[in-house]
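Quick note on numbering: the sequence shown equals residues -25 to -1, 1 to 152 in mature numbering (1 follows the signal peptide of the UniProt record, and there is no 0). Glycine included, C-beta positions come from ideal geometry on N, C-alpha and C.
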Amino acid sequence: MQLYTNIIALAVLACGELMNSHAQAATQERQIALVGSNFCRLTLPTTSSPIRNRATGVRNEGSTSTFVTCVYPSGEGRVSGGSKNTAIWLYVASLDGALHDMSCTGVASDADFNLTYVSKTGVAPPTSTGAALIWEPDDFGDWGTIQDHGQFSVTCLLPPQTAITLGYVDSTTDVGT
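Pasting the structure below:
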């Protein structure tokens, strides 16, 4: 009987240890694709703006530069610590066949909602998709990810005859075991 009790006690102890061990978390790489007309808006709305939301993106069809702001979702919505953004992409293109210089500023916030501003410059080429401006972790102090506890956004001075066509959010997400 004593042997039987010891075997039961060992089995219970072993089960307890197995249940107490921590499982390895698995991660998954994800990419959210965004159409410019869906996530970018005129920064200061007016009735006489040359900015047009089209199926191919947000277009400046006028003759003067205009500010446009694009707000990116987090890889997991607003789940605290759920995702880690690894790259933010913004594609810009020319509408008139000419090359256009562009300037955009990305804004990220840390857990204390301290804002970090990072400007990028690029050239909008005359292609349907355009060229990418990319914000990466190194741009924000190399935390390994882009801090987005608030919400990541980009504001661009959109030159005449240019468009924001696409955006992407690359992230890694903890998906359990």
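Measure the alpha-carbon distance for Ala138 versus Thr44 and round it to whole angstroms.
12 angstroms
For Gly37 and Ala106, what's the separation of their Cα atoms in angstroms?
21 angstroms
Determine the contact status of Phe42 and Thr140, defining contact as a CB-CB distance below 9 angstroms.
no
For Pro25, verify whether its CB is less than 8 angstroms away from any heavy atom of the ligand ATP.
This structure simply doesn't include the ligand ATP, nor any ligand for that matter.
Pro134: buried (16+ other C-beta within 10 angstroms of its C-beta) or exposed?
buried
Determine the contact status of Gly142 and Ile63, defining contact as a CB-CB distance below 9 angstroms.
yes
Cβ neighbours of Ala(-17) in the same chain (closer than 7 angstroms, five flanking residues each side left out)
Low confidence applies here, because Ala(-17) scores a pLDDT of 47, under 50, leaving its location unreliable; read the following figure in that light. Same-chain partners within the cutoff: there are none.
In chain order, what residues of the same chain have a beta carbon less than 8 angstroms from the beta carbon of Leu74, not counting five sequence neighbours either side?
Val98, Ala99, Pro100, Pro101
Among Asp85, Val46, Ser103, Leu65, which residue has its Cα nearest to the Cα of residue 162?
The structure shown has nothing for residue 162, since the chain only spans -25 to 152.
Closest by CA to Ser69, which one among Thr22, Gln6, Ser103?
Ser103
What number of angstroms, rounded off, separates the C-alpha of Gln6 from the C-alpha of Tyr66?
15 angstroms
What does a CB cutoff of less than 6 angstroms around Cys79 pick up in its chain, not counting 5 residues either side in sequence?
Lys95, Leu108, Val129, Cys131
If you follow the beta strand (DSSP E) that Ser12 is in, where does it begin and where does it stop?
Segment 11 to 14 is the alpha helix (DSSP H) holding Ser12; no beta strand (DSSP E) there.
Out of Ser146, Val150, Gln136, Gly72, which has the shortest C-alpha to C-alpha gap to Thr39?
Gln136
Span of the beta strand (DSSP E) holding residue 157?
In the structure as shown, the chain begins at -25 and stops at 152. Residue 157 is therefore absent and cannot be evaluated.
Sheet register partners of Ile88 (DSSP bridge)
It should be noted that the sequence gives Phe, not Ile, for residue 88. DSSP output for Phe88 lists no bridge partner at all.
Relative to the alpha-carbon of Arg34, which residue among Leu19, Ser12, Ser23 has its alpha-carbon at the smallest distance?
Ser12
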